[in-house]
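Student: Below is one structure. I have some questions about it.
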Amino acid sequence: MFDPTIFDNLKVVLEGGLYDLDAEELISVIGRVDQIDLASMSRTFGIAVKLREGKVKAELRLSSGLLDFAAELRGVSVVGAQPGAELSIEFELPADPVGIGRFDAIHRHLHQQWGSEAAIGYEERSRFTTQPAPRRTIFIATVAFQRKVDENHIADLDSLLEHIVESLELLERQV
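Spelled out as structure tokens, the structure:
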């Protein structure tokens, strides 16, 4: 009989929670990816959402690698390492460019919302084409949790999804 991994269990809960929010018309699911990388023996699940009429996109990413699967399924682990999955959220805002005042407001909110549980990083990306189209710049804020998550965190996932919706609402006011 198939015994689902930590990754599988977390994926099902996160995916179901986001599709429930979509059914309640709080958000729209606008993309998803479920990849198995045979070269590195890893899995990645990503699901992108936005508010119904929003411009800001959030992509929740869950990933797990060979060491996690080996530790969980075969009891083979690195000393002190616990099996689990890495979790991050990437917020993408249209920006041309993000001014320092707006950046400060975004940083304050994300730090207040996600606290010391996550590392928050920022980047600005510009896309150019060979066509005579204007350059498109986007601002990315990444919230990466500093420890792995496992089934012990399942009760916290509803709160995490609420935080994502709250962050989207605040970031929409910054666009």
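14 is the number that the working numbering gives to position 14 of the sequence shown; each next residue is one higher, with no gaps. Idealized CB from N, CA, C, for every residue including glycine.
Alpha carbon to alpha carbon, how far is arginine 135 from leucine 160?
Tutor: Going from the Cα of arginine 135 to the Cα of leucine 160 covers about 34 angstroms.
Student: Work out the CA separation of asparagine 152 and glutamate 162 for me, nearest whole Å.
Tutor: If I take the Cα positions, the gap works out to 18 angstroms.
Student: On a CA-only basis, which of Asp158, Lys55, Leu171 is nearest glycine 17? Give me that one, please.
Tutor: Among Asp158, Lys55, Leu171, the Cα nearest to that of glycine 17 belongs to Asp158.
Student: Taking only three categories from DSSP, how would you classify aspartate 8?
Tutor: Helix, per DSSP.
Student: Judging by CA-CA distance, which residue of Leu168, Val175, Asp34 is the nearest neighbour of arginine 52?
Tutor: It is Leu168.
Student: Confirm, please, whether the CB-CB distance from arginine 32 to threonine 44 is below 8 angstroms.
Tutor: For threonine 44 and arginine 32, no; Cβs fall outside 8 angstroms.
Student: Report the partner residues of phenylalanine 128 according to the DSSP bridge assignment.
Tutor: According to DSSP, phenylalanine 128 bridges with nothing at all.
Student: Does any residue of chain B have a CB that is nearer than 8 angstroms to the CB of threonine 130?
Tutor: Of the protein chains in the structure, only one exists, and it is not chain B.
Student: List the endpoints of the continuous alpha helix (DSSP H) containing serine 116.
Tutor: From DSSP, serine 116 is part of no alpha helix (DSSP H); its letter is neither H nor E.
Student: Quick one: what does DSSP say valine 49 is sitting in, helix, strand or coil?
Tutor: Here valine 49 sits in strand by DSSP.
Student: Rounded to a whole number of angstroms, what is the C-alpha to C-alpha distance between lysine 50 and phenylalanine 69?
Tutor: Approximately 31 angstroms between the Cα atoms of the pair.
Student: Taking just the CA atoms, how far does glycine 65 sit from aspartate 8?
Tutor: Aspartate 8 and glycine 65: Cα-Cα distance of roughly 13 angstroms.
Student: Identify the continuous alpha helix (DSSP H) that holds isoleucine 164 and give its terminal residues.
Tutor: Run containing isoleucine 164: 157 to 174, per the alpha helix (DSSP H) assignment.
Student: Helix, strand or coil: how does DSSP classify alanine 85 here?
Tutor: Alanine 85: strand per DSSP, three-state reduction.
Student: Here's the rule: buried if 16 or more other CB atoms are within 10 angstroms of the residue's CB, otherwise exposed. What is valine 76?
Tutor: Exposed: under 16 other Cβ atoms inside 10 Å.
Student: Can you tell me which of Arg173, Ile89, Pro4, Arg147 puts its alpha carbon nearest to the alpha carbon of glutamate 72?
Tutor: Looking at the Cα atoms, Pro4 is the closest of the given residues.
Student: Can you tell me whether lysine 55 is buried or exposed? The criterion is at least 16 other CB atoms within 10 Å of its CB, across all chains shown.
Tutor: With fewer than 16 other Cβ atoms within 10 Å, it is exposed.
Student: Less than 6 angstroms between C-beta atoms, sequence neighbours within five positions excluded: which residues of the same chain meet that for isoleucine 120?
Tutor: So the qualifying residues of the chain are Leu110, Val143.
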